[in-house]
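Residue numbers (my numbering), protein chains in the order written: chain A, 1 to 262; chain B, 1001 to 1262.
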DNA sequence: TAAGCTGGTGAATAATCCGTGAGTTTTTAT
DNA sequence: ATAAAAACTCACGGATTATTCACCAGCTTA
């Protein structure tokens, strides 16, 4: 559950974004949103918060109630307590001195203009990215991808399915071969968008002359049997695929995609 | 001197920003700007760059010459060589799928809309902030080296495995040779990320002309036998490696990585 | 109903990678 | 200057990985 700490003085923005923020898929669970309309109230709350209330991310308006510095004072209070808390600004004053101060002096993780097309989506993307970056830092640089029961360590390229490491189906003592690993990673990254043979070839930096659809299919086969092997050759994963989860074929575009099991 | 790597396919943007970027006060010194108009040219350049040319920051356009993926392929080439290089996108397509891909999948440090008020200043602020963050991160990374049963004294360069000092396998009275020691250190530092031949060559400040994969393998062999020797030539360490711990081959990209035994 | 397409499969082949030993060049120390 | 050490090259075999091929089943369309 992602905990968001949000300070915003104008009700219409709160109305507009709160539902979006609550329902955004940040970590696969519902989010907890704590909103304050006044900087003072926010600061009082911060003063009494303990580590168990520690938010994962703060969203601030810089200019509030006529004061340029209102948001920054909240930021300082937060950073004093949790120096590594990522802070995003959400403001109407992009391109102004306020943005400059936020970015260059107040350790803002990001500064998002309220007036831009598709703002709800942009907000979610950026929050998600900030949380991901934060998590990567905390895990000792062990960045990872996670989707349901699947976990990919993007540095060591180990893949875990329900906690079990995926191995090479032809030789269970060896790790999964490189190309299947890469393909799986791309599929999960782009999930739930399908990846065509062409796109995969591009991502693998392989020549389309060399990388054919037959080829792609073969690697998918390897992956599926690796999953099956991780479950003890029960064929459970293959079934899952046929039910439209896991590694699924797209229909008629030489494409596959990844669909989380949860 | 801040080194910026910039890929932008439209001349008018280059004309508009290059003077600004060159003169921006990023670190008190004049900046070095390397601009490419074509993604292919940029990628070729990246392939031949060594660590001494390593840019401090990359500025990319995502959508170039009609392809959505052009900028991302440059990003991948850069990150492959320097996984920690901050990458900023400068694009006309904010709020679109391109921004989403950049932020959520391509580890963009930032995504800046070209069309916004005061764009020159915003660009400079954000570049400056990204550089600052990068620097702060680098300073925080200096920690002692210890990984499972392995211990490296970074001052005296002695290496201990299970408390036993690693010696030169060809002549047990002599210490481990310098290059293997360095390689081991880099592997452990970057653990569990694999290091390709190219990356090792960069880290050793050796010419890629001189430092080949055969070479890398040779040093790995030396290291493995040094570990074995420290255990009394039992071959215990070699076994460990085959089980995916210790010094492990990555299976692809001519790379090895270090995986702690604990 | 047959032809055309997609997707799954097993086996065979081709390509690549990795470990190794022995030899050569370069660097370093005496 | 000389010898030892270190770094680097080269070539080979075995193993792993990637690709290709042939075939089948199911579905859609002519």
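The C-beta atom is built at its ideal place from N, Cα and C for all residues, glycine as well.
With 16 other Cβ atoms within 10 Å as the buried cut-off, status of residue i
| i | result |
| --- | --- |
| residue 222 of chain A | buried |
| residue 1264 of chain B | Examination of residue 1264 of chain B is not possible in this model, given that chain B is present from 1001 through 1262 alone. |
| residue 123 of chain A | buried |
| residue 64 of chain A | buried |
| residue 212 of chain A | exposed |
| residue 1030 of chain B | exposed |
| residue 1166 of chain B | buried |
| residue 53 of chain A | exposed |
| residue 47 of chain A | exposed |
| residue 1073 of chain B | buried |
| residue 1259 of chain B | buried |
| residue 179 of chain A | buried |
| residue 1094 of chain B | buried |
| residue 1139 of chain B | exposed |
| residue 1219 of chain B | buried |
| residue 1109 of chain B | buried |
| residue 155 of chain A | buried |
| residue 242 of chain A | exposed |
| residue 1075 of chain B | buried |
| residue 117 of chain A | exposed |
| residue 1239 of chain B | exposed |
| residue 1224 of chain B | buried |
| residue 1039 of chain B | buried |
| residue 172 of chain A | exposed |
| residue 1199 of chain B | buried |
| residue 23 of chain A | exposed |
| residue 132 of chain A | buried |
| residue 1201 of chain B | buried |
| residue 1205 of chain B | exposed |
| residue 1097 of chain B | exposed |
Sheet register partners of residue i (DSSP bridge)
| i | result |
| --- | --- |
| residue 149 of chain A | Per DSSP, none; premise fails for residue 149 of chain A. |
| residue 1110 of chain B | B:1088 |
| residue 249 of chain A | A:256 |
| residue 58 of chain A | A:5 and A:87 |
| residue 171 of chain A | A:168 |
| residue 1064 of chain B | B:1067 |
| residue 144 of chain A | A:153 |
| residue 1034 of chain B | B:1005 |
| residue 1160 of chain B | B:1151 and B:1165 |
| residue 1196 of chain B | B:1255 |
Residue j beta carbon less than 7 angstroms from that of residue i
| i | j | result |
| --- | --- | --- |
| residue 1169 of chain B | residue 1230 of chain B | no |
| residue 1203 of chain B | residue 1186 of chain B | yes |
| residue 181 of chain A | residue 161 of chain A | no |
| residue 261 of chain A | residue 148 of chain A | yes |
| residue 83 of chain A | residue 134 of chain A | no |
| residue 55 of chain A | residue 3 of chain A | yes |
| residue 130 of chain A | residue 57 of chain A | yes |
| residue 1244 of chain B | residue 1237 of chain B | no |
| residue 62 of chain A | residue 36 of chain A | no |
| residue 92 of chain A | residue 20 of chain A | no |
| residue 59 of chain A | residue 71 of chain A | no |
| residue 1125 of chain B | residue 209 of chain A | no |
| residue 1114 of chain B | residue 1077 of chain B | no |
Name the residues in the region 1068–1098 of chain B whose C-beta lies less than 7 angstroms from a C-beta of chain A; which are they?
1069, 1094 and 1095
Quiz item: Pairing CB atoms from the region 246–259 of chain A with CB atoms from the region 184–201 of chain A, are three or more of them under 8 angstroms?
Solution: yes
What are the residues in the region 158–177 of chain A lying within 7 angstroms of chain B by C-beta distance? 175 and 177
To be precise: take each residue of the region 1028–1044 of chain B, compare its Cβ to all Cβ atoms of chain A, and keep it if any distance is under 8 angstroms. Which residues remain? none
Using a Cβ cut-off of 8 angstroms, which residues of the region 52–65 of chain A contact any Cβ in chain B, in chain order?
none
Please identify, using Cβ separations under 7 angstroms, the residues of the region 1182–1197 of chain B that lie next to chain A, in order along the chain.
1192 and 1193
Next item on the list: Residues of the region 114–126 of chain A with a CB closer than 8 angstroms to any CB of chain B: list them in chain order, please.
Entry: 116, 117, 118, 119, 121, 122, 125 and 126
| query | Quick one, which residues of the region 1102–1113 of chain B are near chain A if we go by CB-CB under 8 angstroms, in chain order? | reply | 1103, 1104, 1105, 1108, 1110 and 1113
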